[in-house]
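Participant: One structure coming up, written as structure tokens, with questions to follow.
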Amino acid sequence: MQNSENQEEIVRTSSTFDCGGRCPLRLHVKDGKIIRVETDDYEIEDEQLRACLRCRALRQYVYHPKRLKYPLKRDGPKGSGKFKRITWDEALSEIADKLKEVKQNHGNSSIFLAAGGAYLGALHDGMFAMIRLFTQFGGFSTHYGNVSSEGAVYATQTQYTSPFVGNSRTDLLNSKLIIMWGWDPARMISGSDTIYNLVKAKEKGIKIVCIDPRYTDSAVILADQWIPIVPGTDTAMMVAMAYIMITEQLHDKEFLAKYTVGFEKFAEYVLGKEDSIPKTPEWAESITTVPAETIRNLAREYATTKPAALMDCQGPARSAVGELYNRCAMTLTVMTGNVGRHGGSAAGGLMGIPYGHMFFSSRIPPPGRNPVEEGLKSVRGSLDLQLRFQARCHTNKIFDAILKGKKGGYPFDVKLAWFVNNNFLNQLGNTNKAADALKQLDYMVCSELWLTPTARYADIILPVTSIAEKNDFTRPWPSGPYFISNQKAIEPLGECKSDLRIAEELADKLEIDDFQKYPHELQALKFLIKLREDSRKNIRKIDEFRDAGIKRLKLDEPYIAFKKQVEDPDNNPFKTPSGKIEIFSQRIADLNDPENPPIPKYMERWEGRYDPLSEKYPLQLLSPHPKNRVHSELFLIEWLREVEPHVAWINPVDAEARNIKDEDEILVFNDRGKLMIKAWLTERIIPGVICIFEGAWYDPDENGIDRGGCVNTLTKDAYSPGGASALKSCLVEVKKFEGGA
Amino acid sequence: MQVGFYFDQTRCIGCFACAVACKDWHDIPAGSINWMRIKYNETGKFPDVFVSYLIKPCYHCEDPVCIPVCPVGAITKREEDGIVIVNSNKCLGNIDCDSKCLKACPYDAPQFSEEKGSKMSKCNYCLDRFLEQKLPICIEACRTHALDAGSLSHLKEKYGDIQEADNFIYSKRTKPAIILKPKK
Chain A
3 MQNSENQEEI VRTSSTFDCG GRCPLRLHVK DGKIIRVETD DYEIEDEQLR ACLRCRALRQ
63 YVYHPKRLKY PLKRDGPKGS GKFKRITWDE ALSEIADKLK EVKQNHGNSS IFLAAGGAYL
123 GALHDGMFAM IRLFTQFGGF STHYGNVSSE GAVYATQTQY TSPFVGNSRT DLLNSKLIIM
183 WGWDPARMIS GSDTIYNLVK AKEKGIKIVC IDPRYTDSAV ILADQWIPIV PGTDTAMMVA
243 MAYIMITEQL HDKEFLAKYT VGFEKFAEYV LGKEDSIPKT PEWAESITTV PAETIRNLAR
303 EYATTKPAAL MDCQGPARSA VGELYNRCAM TLTVMTGNVG RHGGSAAGGL MGIPYGHMFF
363 SSRIPPPGRN PVEEGLKSVR GSLDLQLRFQ ARCHTNKIFD AILKGKKGGY PFDVKLAWFV
423 NNNFLNQLGN TNKAADALKQ LDYMVCSELW LTPTARYADI ILPVTSIAEK NDFTRPWPSG
483 PYFISNQKAI EPLGECKSDL RIAEELADKL EIDDFQKYPH ELQALKFLIK LREDSRKNIR
543 KIDEFRDAGI KRLKLDEPYI AFKKQVEDPD NNPFKTPSGK IEIFSQRIAD LNDPENPPIP
603 KYMERWEGRY DPLSEKYPLQ LLSPHPKNRV HSELFLIEWL REVEPHVAWI NPVDAEARNI
663 KDEDEILVFN DRGKLMIKAW LTERIIPGVI CIFEGAWYDP DENGIDRGGC VNTLTKDAYS
723 PGGASALKSC LVEVKKFEGG A
Chain B
2 MQVGFYFDQT RCIGCFACAV ACKDWHDIPA GSINWMRIKY NETGKFPDVF VSYLIKPCYH
62 CEDPVCIPVC PVGAITKREE DGIVIVNSNK CLGNIDCDSK CLKACPYDAP QFSEEKGSKM
122 SKCNYCLDRF LEQKLPICIE ACRTHALDAG SLSHLKEKYG DIQEADNFIY SKRTKPAIIL
182 KPKK
């Protein structure tokens, strides 16, 4: 960064938000201030990775008056939001004393690290900094399970044993039929170039079918056919499609024989030989409300149109039936022989390709294993989720674990928790319970840019720099192939520090003399680029990389997941125990858990449409990604807030039954909580379902009603047998808000 | 020469990237001044629903009706390119002249804040960028490449001469400089 006076400089970077895009940004900097934001200027205009509205508002994010700029100490009851400014020395000394005290009196397992993915740079990911520090301090307890994608992760590990199930987005244009199942890339940016490639596919004449409880903005421009479906019943429709394929002999027997195991067992289930219920389209209609004829036609069309891309995603898998949704989708893709082939799809929901992918992100290695987790049984290759919880709790159980500790069956009692990179109180299930847990917690530190609903409960808040204030190296996760170099545009605001620096300074206070420090960002970045083979090989000239802000990889042809395995299976077996795609999983059968079937199935678990609880709470609640935030990040940014008011989608049929009119204030409630929000009456949602976008900030009033409209006030802190955070299995009732409640 | 916009309504997902980019480029705070607006339309009954979005910047009409109604001549149309610009310093404000330009414009392009005495501002086709041979910021912001800009005759050649779209009425009186691909 050279920034002489009055001279406007362009600084290239990107956000490192927990977002499915990773878009090049050009920050205009003048007199040490960002004055404007532009996006990718790649000379091939058609391949530009254009930023969405979120990063268009980055300047307001960086300079927002509510950014935290100084260390804060609690100065009122927990959750009151009352804090006073203190110095860094005071803050870090107090934290160091508490850490030592907890270590001495309760042991290292009582130190809990709650780490999220709010910013994902190789160097400045707060989680990595804290893991290094706590490991060297003698260890810590933590959690397992990705809130976003664990259902899809478990499903892909089961059937393929690989998370790289995506094809290059350009390959969508090689398809003859695209089925978007629960997927709304117009809002949830699953790859910076995804929506544009879908537009091109559509304009090329490729038929697109959208299956979703909502007529999404993606469906608005893409769908030749919208098939509304009851949430949580996707698997019933998928299984019925399999029924049609099997009974009409439309399935690809050769592909199944060559590349898969367990199809016969699945077929027995589908045909009703296992439970005397043939999974006919009529059977599925009674569950999904999708007309049997529609299911029949789509099954035939999908089975006979080659190639065809069935695009599932992660959203419907964030439910009590979680992984089964992805497993059923993957089973359809192998039944139609679409795996490993151009224009096809392997499904599995994760969509990533192994070039420049976030999963390969380098990080400064921790100094050995976390001592608290030494000597545990290995989880390698196992699908036994319980093995993950030998020393950890599930991510969606963090607050339950804080509340109940060892008495509740958890492996630790939390005395001190450090929240970094997340707003978990707001973003995990059952926010009211989370608030109770944090009120009871002995001591809490939060590293943050904002006074989030989570941070309000902290004893000490440490202010962290934004991406504009630091150099970094980052990657996209769902779709590459490219690497991003983040250049520092401005000096840190106020007294903000990076997590890396915070850990280093705290290491001094904790008297960890041999803590490895990285005082020079650029040297550390060179080290991180060289640490991983893919970045080392592809980024030869680091200065050029930093000038360009991006390194695009040129592939000879679109990447296709499992192409090698399909073209030359003898030399490239799948990494499953059988070496084939496992429709039937012996590893799951061995777990002997009736809730976790070895073949993919339709199952009802809890808080679905047919749960008896629906008599009391008859509406299913969806909580998809918001379009104007990244989860709860960017919530305060006015340029984004004004784009879309925070409302609940409700079908007029459901609204009229409750005497609710458009824009009425409504109370949405169940046994876990109540929130107030305005109703938006729309025909774009299936009756019996309401939709509130996640990420609005929790703001309970004196009656316990969340005036902020945080959807997790209503969701459950539970997970599926595969570990999916079941935030979308949630029943509620709605009534007109009359004040009080 | 007359410049104009092209808008492919079949590609618009209503994401507002154009509108936020506009606010950032022109440094306009959140609130009632919106040089780029997006109009939403929903018709039909579940499950047969139709939805469209429509961009609403200033269409830089060939015969702008805002100009003659302005009592102080604050609005002008540039001869060389047809861009309609306002000199906000000259504008009397929303109280003294009762926002005559806004009342005249069939597309509500003139923008006033809610403050008393607020002076009019509106989309200026990113004149600063235009003078550097750059497209308006909204064009480059569009993730689905639904927008284009340039000389109107050029746009007509490239995209055809269609002035209809869902939720849009072409004003024969003002002749908005926009070429459309309608969503049906």
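Chains as they are written, first to last, in my numbering: chain A, 3 to 743; chain B, 2 to 185. Positions of the beta carbon are idealized from the N, C-alpha and C atoms, including for glycine.
#1: Hey, does N5(A) have any beta-carbon neighbour from chain B nearer than 8 Å?
#2: Grab me the residues of F576(A)'s own chain with a C-beta within less than 7 Å of its C-beta, minus the 5 sequence neighbours each way, in chain order.
#3: Pull the bridge partners of N110(A) from the DSSP assignment, please.
#4: How would you list, in chain order, the residues of chain A whose beta-carbon sits under 8 Å from the beta-carbon of R12(B)?
#5: Given a cut-off of 8 Å on the beta-carbon distance, is the pair E665(A) and K680(A) in contact?
#6: Taking the alpha carbon of T144(A) as the reference point, which residue from G354(A), N540(A), R390(A), S625(A) has its own alpha carbon closest?
#7: If we ignore side chains and look at the alpha-carbon of each, how far apart do A550(A) and G34(A) end up?
#8: Got a sec, what are the start and stop residues for the beta strand (DSSP E) P465(A) sits in?
#9: Taking the straight line between their C-alpha atoms, what separation do you get for Y561(A) and P309(A)?
#10: Could one say the Cβ of K406(A) lies closer than 8 Å to chain B's Cβ atoms, at least one of them?
#11: Quick one: is N653(A) near chain B, going by C-beta distance under 8 Å?
#12: Once the 5 residues before and after R589(A) are set aside, which same chain residues still bring their CB inside 6 Å of it?
#13: Among the residues of its own chain, which have a CB less than 6 Å from the CB of F739(A), if the five just before and after it don't count?
#14: For T235(A), which residues from the same chain have a beta carbon less than 6 Å from its beta carbon, with the 5 sequence-adjacent residues on both sides left out?
#15: Verify the CB distance criterion: does A743(A) have a CB-CB separation below 8 Å to chain B?
#16: Cα-Cα, which of K117(B), K91(B), K184(B) is closest to D99(B)?
#17: Do V66(B) and T175(B) count as a contact pair if the criterion is CB distance below 8 Å?
#18: K528(A): which of Y700(A), A728(A), V272(A), D545(A) sits nearest, CA to CA?
#19: Under 8 Å: do the stretch 477 to 491 of chain A and the stretch 351 to 358 of chain A share three or more Cβ pairs, one atom per stretch?
#20: Please check if any C-beta of chain A sits within less than 8 Å of the C-beta of P48(B).
#21: Report buried or exposed for N125(B), applying the criterion of at least 16 other Cβ atoms within 10 angstroms of its Cβ.
#22: Leaving out the 5 sequence neighbours to the left and right, which residues in its chain are closer than 6 Å to D64(B) when beta-carbon positions are compared?
#23: Am I right that Q640(A) and A31(B) are in contact with their C-beta atoms under 8 Å? What's the rounded C-beta distance?
#24: Quick one: is R79(B) near chain A, going by C-beta distance under 8 Å?
#25: Considering only the alpha carbon of each residue, which of S112(A), T41(A), A59(A) lies closest to L443(A)?
#26: Taking K24(B) as the query, report the chain A residues whose CB atoms sit under 7 Å from its CB, ordered along the chain.
#27: How about C31(B): is its C-beta nearer than 8 Å to some C-beta of chain A?
#28: Exposed or buried, which one is N594(A) when buried takes at least 16 other CB atoms within 10 Å?
#29: Should E685(A) go down as buried or exposed, given a rule of 16 or more other Cβ atoms within 10 Å for buried?
#30: Out of M337(A), D91(A), S722(A), which has the shortest C-alpha to C-alpha gap to L258(A)?
#31: Measuring only the C-alpha atoms, how far is A93(A) from W452(A)?
#32: Check whether chain B comes within 8 Å of L312(A), counting only Cβ atoms and requiring the distance to be less than that.
#33: Could you tell me which chain A residues have their CB closer than 7 Å to the CB of F8(B), listed as they occur along the chain?
#34: Can you look up A244(A) in the DSSP assignment and give me helix, strand or coil?
#35: The beta strand (DSSP E) that contains K40(B), what's its start and end?
#36: Report yes or no: do three or more beta-carbon pairs, one from the stretch 6 to 22 of chain A and one from the stretch 487 to 494 of chain A, lie closer than 8 Å?
Facilitator: For this structure:
#1: Confidence is the limiting factor: at N5(A) the pLDDT is only 47, short of 50, which leaves the residue's position unreliable, though a coordinate-based value still follows. Taking Cβ atoms only, chain B never reaches closer than 8 Å to N5(A), which makes this a no.
#2: Y162, T163, Q567, K582, I583
#3: DSSP, once it has assigned bridges, lists no residue as partnering N110(A).
#4: V201, I223
#5: Cβ atoms of E665(A) and K680(A): closer than 8 Å.
#6: R390(A)
#7: 21 Å
#8: 462 to 465
#9: 15 Å
#10: no
#11: yes
#12: The answer, listed in chain order, is L385.
#13: E667, I668, L669, M678
#14: I289, T290
#15: The predicted position of A743(A) is uncertain, since its pLDDT is 48 and thus under 50; no value can be drawn from it.
#16: Looking from the CA of D99(B), the closest CA among K117(B), K91(B), K184(B) belongs to K117(B).
#17: Taking 8 Å as the cut-off, the beta carbon of T175(B) is found closer than this to the beta carbon of V66(B).
#18: D545(A)
#19: yes
#20: yes
#21: buried
#22: T175, K176
#23: Residue 640(A) is actually Glu in this sequence, not Gln. Their Cβ separation, rounded to whole angstroms, is 3 Å, which keeps E640(A) and A31(B) in contact under 8 Å.
#24: no
#25: S112(A)
#26: W641
#27: With the sequence shown as reference, residue 31(B) is identified as Ala, and Cys is not the correct amino acid for it. Judged by the 8 Å Cβ criterion, A31(B) is in contact with chain A.
#28: exposed
#29: buried
#30: M337(A)
#31: 17 Å
#32: no
#33: In chain order: nothing, as chain A lies at least about 13 Å away.
#34: helix
#35: 38 to 46
#36: With the rule of 3 Cβ pairs closer than 8 Å, the stretch 6 to 22 of chain A counts as touching the stretch 487 to 494 of chain A.
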